[in-house]
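Numbered by my numbering, the letters in the sequence shown go through residues 728 to 892 in order.
Before any comments, here is the structure.
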Amino acid sequence: MSCISIIVAVADNYAIGYSNKLIYWLPDDLKRFKALTSGHTIIMGRHTFESLPKGALPNRRNIVLSRSNNSFPGCDSFSSLEEALDSCKNDEEVFVIGGETLYREAISKANKLYITHVYDIPKNADAFFPAIKMDEWEIKNREDHPIDDRHPYNFSFINYERLSN
């Protein structure tokens, strides 16, 4: 089976989105997302796909989960996470990229979390990442980044791996 990874940027209160858009636009986070996911399969919900400005992301196999619509240009579509993961069983690593409903379903199956923690609480948010049960995960890598001319918030890249039982 593939390594199932979740990649997400979260605020201090676990906020991830508002009105079907990302809350934070951090150039280094976007570069990291592209570097980690390029050449791999990404799985997203329909709303996440609809939020992408140019549709399917290049240099990746895009999978969209939808129970009602199966026509997403440049993407494979499945009605469940199980079906999508079954289609990826020979992949080295598969990335779940959102949104909230999919993260809530996938976190119990995930082996790794690639989290950009943004040290802020946004004024508006309507999508949240599930709380991380820290007794199930260990931090494998952490990079802290200060505010600069392109990043209006302090943030950290934190990579977690699930502790074996």
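Built from N, CA and C at the ideal position, the CB exists for glycine as well.
query: On the DSSP bridge assignment, give the partners of Asp-803 in chain order.; result: Ile-790
query: Which first and last residues belong to the beta strand (DSSP E) in which Arg-889 is found?; result: 882-889
query: Got a sec? Which residues, its chain only, sit under 7 Å from Gly-782 by beta carbon, not counting five neighbours each side?; result: Pro-800 and Gly-801
query: Using 8 Å as the threshold, is the C-beta distance between Ala-837 and Ser-732 below it?; result: yes
query: Please name the residue or residues paired with Ile-733 in a DSSP beta bridge.; result: Val-823 and Leu-840
query: How many Å lie between Ser-795 and Met-771 at the Cα?; result: 15 Å
query: Between Ser-798, Pro-780, Thr-775 and Asp-803, which lies nearest to Arg-787 when the distance is taken from Cα to Cα?; result: Asp-803
query: Could you spell out the range, first to last residue, of the beta strand (DSSP E) harbouring His-872?; result: 864-872
query: Can you tell me whether DSSP reads Leu-829 as helix, strand or coil?; result: helix
query: Residues in the same chain with beta-carbon distance under 6 Å from Cys-815, minus the five sequence neighbours each way, listed in chain order, please.; result: Ser-729, Thr-768 and Val-821
query: Applying the criterion that 16 or more other CB atoms from any shown protein chain within 10 Å of the CB defines a buried residue, is Tyr-751 buried or exposed?; result: buried
query: Does any residue of chain C have a CB that is nearer than 8 Å to the CB of Glu-863?; result: This model lacks chain C altogether; it includes just one protein chain.
query: Tell whether a beta-carbon distance below 8 Å holds between Glu-777 and Asn-747.; result: yes
query: Can you give me the Cβ contacts of Glu-870 inside the same chain, cut-off strictly under 6 Å, excluding the 5 residues immediately before and after it?; result: Phe-884
query: Can you say whether Asp-876 is buried or exposed, counting buried as having 16 or more other CB atoms within 10 angstroms of its CB?; result: exposed
query: Within 10 Å of its beta-carbon, does Leu-792 have 16 or more other beta-carbons around it, so buried, or fewer, so exposed?; result: buried
query: Hey, how far is the Cα of Pro-857 from the Cα of Ala-833?; result: 10 Å
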